[in-house]
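First to last, the protein sequences are chains A and B.
Sequential numbering from 115 applies to the first sequence in this note's numbering.
Sequential numbering from 115 applies to the second sequence in this note's numbering.
We put the beta carbon where it would ideally sit given N, CA and C, even for glycine.
Number of protein chains: 2
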Amino acid sequence: MEITKRDKEVMKILTEMGEALNSQIKKGENPTYKLPVRTLNNVFFDKKTQTIRLGDKTSERQFINVAHARKFMQTVLVANEIKKVIHEAATVSIRDLYYALKHTIADTNENTFEEQADSDPIIEDVECSLNVLREELHLGASSKGVISGDMKIKDGKDTIDLTKMGSGGWGVPSNVEPDRIEIKDINAEYVLFIEKDAVWKRFNEDQYWKQHKCIILTGRGQPSRAERRLAQRLNKEFGLPIYALMDADPWGMYIYSVIKQGSISLSYSEDRLATPSTKFIGLTTRDVETFKIPKEVTIKLNAEDHKRLGEMKSYEWFKKKEWQDEFANMKEKNYKLELEALSKKGIRFITEEYLPQKIRSKDFLP
Amino acid sequence: MEITKRDKEVMKILTEMGEALNSQIKKGENPTYKLPVRTLNNVFFDKKTQTIRLGDKTSERQFINVAHARKFMQTVLVANEIKKVIHEAATVSIRDLYYALKHTIADTNENTFEEQADSDPIIEDVECSLNVLREELHLGASSKGVISGDMKIKDGKDTIDLTKMGSGGWGVPSNVEPDRIEIKDINAEYVLFIEKDAVWKRFNEDQYWKQHKCIILTGRGQPSRAERRLAQRLNKEFGLPIYALMDADPWGMYIYSVIKQGSISLSYSEDRLATPSTKFIGLTTRDVETFKIPKEVTIKLNAEDHKRLGEMKSYEWFKKKEWQDEFANMKEKNYKLELEALSKKGIRFITEEYLPQKIRSKDFLP
Numbered sequence: 115m116e117i118t119k120r121d122k123e124v125m126k127i128l129t130e131m132g133e134a135l136n137s138q139i140k141k142g143e144n145p146t147y148k149l150p151v152r153t154l155n156n157v158f159f160d161k162k163t164q165t166i167r168l169g170d171k172t173s174e175r176q177f178i179n180v181a182h183a184r185k186f187m188q189t190v191l192v193a194n195e196i197k198k199v200i201h202e203a204a205t206v207s208i209r210d211l212y213y214a215l216k217h218t219i220a221d222t223n224e225n226t227f228e229e230q231a232d233s234d235p236i237i238e239d240v241e242c243s244l245n246v247l248r249e250e251l252h253l254g255a256s257s258k259g260v261i262s263g264d265m266k267i268k269d270g271k272d273t274i275d276l277t278k279m280g281s282g283g284w285g286v287p288s289n290v291e292p293d294r295i296e297i298k299d300i301n302a303e304y305v306l307f308i309e310k311d312a313v314w315k316r317f318n319e320d321q322y323w324k325q326h327k328c329i330i331l332t333g334r335g336q337p338s339r340a341e342r343r344l345a346q347r348l349n350k351e352f353g354l355p356i357y358a359l360m361d362a363d364p365w366g367m368y369i370y371s372v373i374k375q376g377s378i379s380l381s382y383s384e385d386r387l388a389t390p391s392t393k394f395i396g397l398t399t400r401d402v403e404t405f406k407i408p409k410e411v412t413i414k415l416n417a418e419d420h421k422r423l424g425e426m427k428s429y430e431w432f433k434k435k436e437w438q439d440e441f442a443n444m445k446e447k448n449y450k451l452e453l454e455a456l457s458k459k460g461i462r463f464i465t466e467e468y469l470p471q472k473i474r475s476k477d478f479l480p
Numbered sequence: 115m116e117i118t119k120r121d122k123e124v125m126k127i128l129t130e131m132g133e134a135l136n137s138q139i140k141k142g143e144n145p146t147y148k149l150p151v152r153t154l155n156n157v158f159f160d161k162k163t164q165t166i167r168l169g170d171k172t173s174e175r176q177f178i179n180v181a182h183a184r185k186f187m188q189t190v191l192v193a194n195e196i197k198k199v200i201h202e203a204a205t206v207s208i209r210d211l212y213y214a215l216k217h218t219i220a221d222t223n224e225n226t227f228e229e230q231a232d233s234d235p236i237i238e239d240v241e242c243s244l245n246v247l248r249e250e251l252h253l254g255a256s257s258k259g260v261i262s263g264d265m266k267i268k269d270g271k272d273t274i275d276l277t278k279m280g281s282g283g284w285g286v287p288s289n290v291e292p293d294r295i296e297i298k299d300i301n302a303e304y305v306l307f308i309e310k311d312a313v314w315k316r317f318n319e320d321q322y323w324k325q326h327k328c329i330i331l332t333g334r335g336q337p338s339r340a341e342r343r344l345a346q347r348l349n350k351e352f353g354l355p356i357y358a359l360m361d362a363d364p365w366g367m368y369i370y371s372v373i374k375q376g377s378i379s380l381s382y383s384e385d386r387l388a389t390p391s392t393k394f395i396g397l398t399t400r401d402v403e404t405f406k407i408p409k410e411v412t413i414k415l416n417a418e419d420h421k422r423l424g425e426m427k428s429y430e431w432f433k434k435k436e437w438q439d440e441f442a443n444m445k446e447k448n449y450k451l452e453l454e455a456l457s458k459k460g461i462r463f464i465t466e467e468y469l470p471q472k473i474r475s476k477d478f479l480p
């Protein structure tokens, strides 16, 4: 791994953070830094960008302040270690970082950190106060998705042809930032973002991506940052629409909303993770009638589903009529259904009939 | 996907199953088939093969028998659908299969299956009574691992060079049987089977596989069938030793035992999944002294750890002195530790010092 231009910029940002504190000390001031407030009352849905975002409330952390001193120390430790990691051209996990920094402070019984739950929020503080992505700090988040389709990836010295990944697909790495991952020679008209691995495998086995000129991507359940960031890049840099293919249940629709608008917990990074133009291609409970899906393969809603449905109905980004209609239909019919239920109509019904018809008729939810 | 020689063999086995029932019916006999008993009292550790196996107890399932009729019908439905899937050159998930077969029997209120928990054990019955792997029945189990190293994979028309997978690795597909996945041009001396994705990423980022001539594989936690089968093939077909790199805790050691001896729940397939010659390369609690790992990064054992430790001590395959010593040491020191704890010694301590020294000194547990 080589040190990139962006790495140098990030190291400079970290150095400036340290220098600012240093100059405060030299002036005899109480070392202080500002950071955005990450509590719920500073998180909002930005109608302009159509993503969940952090507001502009900030707080201060001071070294000479009994309530702040420990976190102040932890923040400086974390920022310092991150700079070292970038300098060494390495990537570490947030758990590595915790262990690397955990020690008993000399001549005391005090540990720098007791558990990873202490260091994780400090990392988030550094991310959002410096306005850099975790990946740019060389902290590898987990990634578990796979991707295939007609495009090439330049990753270090390797050029990876995603048309030639066989039945396996390319494992999405945790850092897909432009300084690491270059997307090349793309020949596709849209990205199909599939909730489930088993369904991705069906699309990959039939080489759906070839016949229908698309990229197929799965996050294997709730996608990691990397899969969402990759989808955003494909959308922003190459103008590809993102179509989400999820179960017709509150969980699938929630995953869709995270791909599209982002999540509260990552609100400070959603401008670089969310893809607001994403469309929901299916499944919907309306599909049961449209595609004559037998009732036996639907599943009765449980109490949790009803609760989630009630919550989602009131979300600002689900206020559109089409979504309200879908929620009402789900409630009225009192069922949900999984993508695999389409197998009732035939092994390849989903790839040969369902999806082509949905795309042809532009039968999406917004 | 093309129909292979093995596919034809398996379709023949399925046809023979149907023909046997047919001929019983024609003779006016009660249609009956035999299947191995899969309860705990028919599972044993085979000292000869050094794997967990199913014993030779069998039971019969009869059509004209109130207690058997439903399962008999389900078994025939499953076997029939599988034959169809293979014939159509497709792979489906076990959930697809459940949905494909679920229906209300004409003129009754009876469903063929109520939930997937009904069809899954029937699939296992078919697997073990016909002595074929789930993958050979074209049922795709989940797979979540990644692999890289100096080897090529021929998968359908694609030849995948695992030295050129960048930071992502190749996603291990669910079916790695020889009729689908050909392993070629391998230039490696061993396979490093890594418990954790974050640790695999560290080894991949440093291209450890290149410098140390090995294949690096992770199942991201408890490995799926596919990762274990792939390791077995690398061991059996190419004579590569498998070294397992796990956390020094009861869970990591349990995962190791599954890679090596297999598990009770898959006892009927372990002859094709387990790799009995696998060695445990680390971590061990002994490593704390050997590598001077600071005590701060160890974790106190909890009640569950002590319980698991007590259980593992009595397992036949952990009876060897080295393992009993390790368990005693863990109990005495009352700590466990994670692979990431080695980051305390430096970002690249694990790849540049720990593992090379372990391999050089052959410091393995059996």
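Partners in chain A for residue i, counting only beta-carbon separations shorter than 8 Å
i	result
A181 (chain B)	What A181 (chain B) touches in chain A: nothing, since even the nearest Cβ is about 25 Å away.
E466 (chain B)	Those do not exist, as E466 (chain B) stays about 11 Å from chain A at its closest Cβ, beyond 8 Å.
Buried or exposed by the 16-neighbour rule on C-beta atoms within 10 Å, applied to residue i
i	result
V180 (chain A)	exposed
S381 (chain B)	buried
P493 (chain B)	A query on residue 493 (chain B) cannot be resolved here, the shown segment of chain B reaching from 115 to 480 and no further.
K472 (chain B)	buried
Q186 (chain A)	First, the residue type needs correcting, since residue 186 (chain A) is Phe and not Gln in the sequence shown. Buried, since its Cβ has 16 or more Cβ neighbours within 10 Å.
E341 (chain B)	buried
L154 (chain A)	exposed
A134 (chain B)	exposed
T165 (chain B)	buried
K141 (chain A)	exposed
P235 (chain B)	exposed
P292 (chain A)	exposed
T488 (chain A)	Since the first and last residues shown for chain A are 115 and 480, residue 488 (chain A) lies out of range.
K171 (chain A)	exposed
F307 (chain A)	buried
A345 (chain B)	buried
Nearest-angstrom beta carbon gap, residue j and residue i [assumed within contact, 8 Å]
i	j	result
V240 (chain B)	A204 (chain B)	Actually they do not touch by this definition, with Cβ atoms about 17 Å apart.
V260 (chain A)	V290 (chain A)	About 13 Å separates the two Cβ atoms, so there is no contact after all.
Y449 (chain A)	T398 (chain A)	Y449 (chain A) to T398 (chain A), Cβ: 12 Å. No contact.
D210 (chain A)	E410 (chain B)	No, D210 (chain A) and E410 (chain B) are not in contact; Cβ-Cβ is about 15 Å, not under 8 Å.
I127 (chain B)	L247 (chain B)	That belief does not hold up - the Cβ atoms of I127 (chain B) and L247 (chain B) are roughly 12 Å apart, past 8 Å.
G335 (chain A)	S288 (chain A)	Not quite, the Cβ-Cβ distance comes to about 16 Å (not below 8 Å), so this is no contact.
K206 (chain B)	I378 (chain B)	Note on identity: in this sequence residue 206 (chain B) is Val, with Lys being the wrong assignment. That pair is no contact at about 26 Å.
Proximal residues of chain A, C-beta to C-beta of residue i below 9 Å
i	result
H217 (chain B)	P408, E410, V411, K458
R462 (chain B)	E202, A204
I297 (chain B)	Chain A residues near I297 (chain B): none, gap ~12 Å exceeds 9 Å.
D439 (chain B)	What D439 (chain B) touches in chain A: nothing, since even the nearest Cβ is about 26 Å away.
N289 (chain B)	S281
R184 (chain B)	Near R184 (chain B) there are no residues of chain A at all, since even the closest Cβ is about 16 Å away, more than 9 Å.
Interface residues of chain B facing residue i [CB-CB closer than 9 Å]
i	result
E143 (chain A)	The contacting residues do not exist; E143 (chain A) stays about 33 Å from chain B at best.
G396 (chain A)	Correct list: empty, because the minimum Cβ distance to chain B is about 15 Å.
A417 (chain A)	Correct list: empty, because the minimum Cβ distance to chain B is about 18 Å.
S475 (chain A)	Here the premise fails: no neighbours, minimum Cβ distance about 24 Å.
Interface residues of chain A facing residue i [CB-CB closer than 7 Å]
i	result
K119 (chain B)	By Cβ distance, chain A contributes nothing, its closest Cβ being about 18 Å from K119 (chain B), past 7 Å.
K283 (chain B)	The question names Lys, but residue 283 (chain B) in the sequence shown is Gly. The answer, in chain order, is G285.
V199 (chain B)	I461
Interface residues of chain B facing residue i [CB-CB closer than 7 Å]
i	result
Y213 (chain A)	V411, E454, A455, S457, K458
Segment contact flag, the segment 293-304 of chain A with the segment 435-454 of chain A, C-beta cutoff 8 Å, min 3 pairs: The segment 293-304 of chain A vs the segment 435-454 of chain A: no contact.
Residues within the segment 303-334 of chain B neighbouring chain A, beta-carbon criterion of under 7 Å: D311, A312, K315, E319, R334
At least three beta-carbon pairs within less than 8 Å, the segment 322-332 of chain A to the segment 134-147 of chain A: no
The segment 330-339 of chain B / the segment 242-261 of chain B touching (three or more Cβ pairs under 8 Å): yes
Chain B contacts from the segment 222-252 of chain A (Cβ-Cβ distance under 7 Å): N225
Against chain B: residues of the segment 252-280 of chain A by CB proximity under 7 Å: G254, S256, K258, V260, I267, D269, G270, D272, I274, K278, M279, G280
Positions along the segment 371-387 of chain B whose CB lies within less than 7 Å of some CB in chain A: none
Any 3 or more C-beta pairs closer than 8 Å across the segment 351-368 of chain B and the segment 218-236 of chain B: no
Segment contact, 8 Å Cβ cut-off, at least three pairs: the segment 224-233 of chain A with the segment 267-278 of chain A: no
Members of the segment 336-362 of chain A that neighbour chain B once the beta carbon cut-off is set at 8 Å: none
Sufficient close CB pairs (3 or more, under 8 Å) joining the segment 418-429 of chain B to the segment 382-398 of chain B: no
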